[in-house]
């Protein structure tokens, strides 16, 4: 399994990188206010559903004692960490 490998040297020119980066970000248009108004309720609803679901998992785990098994501790840990990421 021998192969021919070639090595290449890469040099960077900082002025070229910044001008290329600026042109790439300038080419990407931002969202209009109409698009933001359409997406905002969907983001809010998904945030609300995730928050309520994770809080319900924690409450059920705390109130209902027989559910405290090793796998369910993993689910509880996922719900708590998901709350930190919201």
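Numbering (this note's numbering), first residue to last: 150 to 235. Built from N, CA and C at the ideal position, the CB exists for glycine as well.
Spatial neighbours of residue i in its chain, beta-carbon cut-off 7 Å, leaving aside the 5 residues before and after
i	result
residue 200	235
residue 225	206, 207 and 210
Span separating the alpha-carbon of residue i from that of residue j
i	j	result
residue 214	residue 186	44 Å
residue 179	residue 195	22 Å
residue 222	residue 210	9 Å
residue 181	residue 190	15 Å
residue 139	residue 197	Outside the displayed range of the chain (150 to 235) lies residue 139, so it cannot be described from this structure.
residue 193	residue 212	28 Å
Close beta carbons around residue i, own chain, < 6 Å, minus the five adjacent residues each side
i	result
residue 206	228
8 Å Cβ shell around residue i - same chain, five flanking residues per side excluded
i	result
residue 231	199 and 203
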